[in-house]
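J.: Residue numbers (this note's numbering): 32 to 285. Glycine residues also receive a C-beta, built at the ideal position from the N, C-alpha and C atoms. Quick caveat, the model's predicted, so the values are computed rather than measured.
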Ligand code: ZN
Ligand code: MN
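(1) Could you give the residue range of the alpha helix (DSSP H) that holds residue 274?
(2) Answer yes or no: the CB of residue 277 versus the heavy atoms of the ligand MN, is any distance below 6 Å?
(3) Excluding sequence positions up to five away, which residues of its chain have a Cβ less than 6 Å from the Cβ of residue 259?
(4) Going by the C-beta, is residue 74 closer than 6 Å to any heavy atom of the ligand ZN?
(5) May I ask which residues mark the beginning and end of the alpha helix (DSSP H) holding residue 213?
(6) Would you kindly work out how many angstroms separate the C-alpha atoms of residue 78 and residue 130, rounded to a whole number?
(7) Our contact map puts residue 222 next to residue 69 with C-beta atoms below 8 Å; I'd like the distance itself, whole angstroms only.
(8) Sort 133, 148, 149, 150 by Cα distance to residue 142 and report the nearest one.
(9) Cutting at 6 Å between CB atoms, please list the residues of its own chain near residue 62, excluding the five before and the five after it.
(10) For residue 53 and residue 175, I'd like the C-alpha separation in whole angstroms.
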């Protein structure tokens with residue numbers, strides 16, 4: 032039994048932890064989405080859960096099971112919906128899932144919930160779910176909810192080190208150096224380093240069009256090269272993410 036993963040605790044132990052410690056509970060959110068030939072479909076959820084686990088371990092928190100299906104993949108940040116395996120939910124479904132989670136965690140007596148997003152497209156729907164959940168609870172509720180995209184906790188100095196030739200931005204950083212390096216750190220057995228290609232950076236126009244055009248997106252599904260990914264970069268980023276997220280959790284819930 033690991034005392035950090037909520038789903039490994041009995042309800043008796045969980046209740047005792049909540050009542051005694053008022054721990055922050057982390058809710059990782061991911062997606063089931065293509066991540067090129069070298070990373071697994073579950074990368075976004077695996078990474079949000081891993082950074083949540085490391086952060087929770089630093090602050091005495093718990094990690095709830097990951098919401099593993101995300102909002103629809105967009106060509107400019109996830110490759111789009113046309114890839115086999117990319118399995119997404121409607122915005123209303125994601126909003127409702129988060130709203131339900133907020134209500135349920137509040138019912139357990141929680142005061143601190145941290146929604147840790149690992150999929151670029153989820154962001155505003157998580158916000159909406161939190162907002163509706165808190166509205167359901169009403170103004171007397173003691174639950175506070177923090178929402179974050181884990182990559183925002185990387186410093187500019189770290190990004191400069193990880194991308195010596197220039198940082199392409201978080202949208203294009205899909206199945207590329209950040210995610211691949213973090214996966215090499217957390218789940219090395221799930222990375223096919225032999226299949227990392229030298230993909231050119233995708234060049235998108237400054238608009239979207241629907242139905243989406245598949246020919247905007249590289250066939251590999253990788254939006255900018257994953258070459259240059261290393262386990263050292265992954266370890267550096269993982270350490271920084273946990274440290275800075277832990278500090279933010281301490282500040283936010285003071
Ligand atoms: Zn991803
Ligand atoms: Mn994603």
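T.: In this structure, then:
(1) 262-283
(2) no
(3) 208
(4) yes
(5) 208-217
(6) 22 Å
(7) 6 Å
(8) 133
(9) 75, 101, 150
(10) 12 Å
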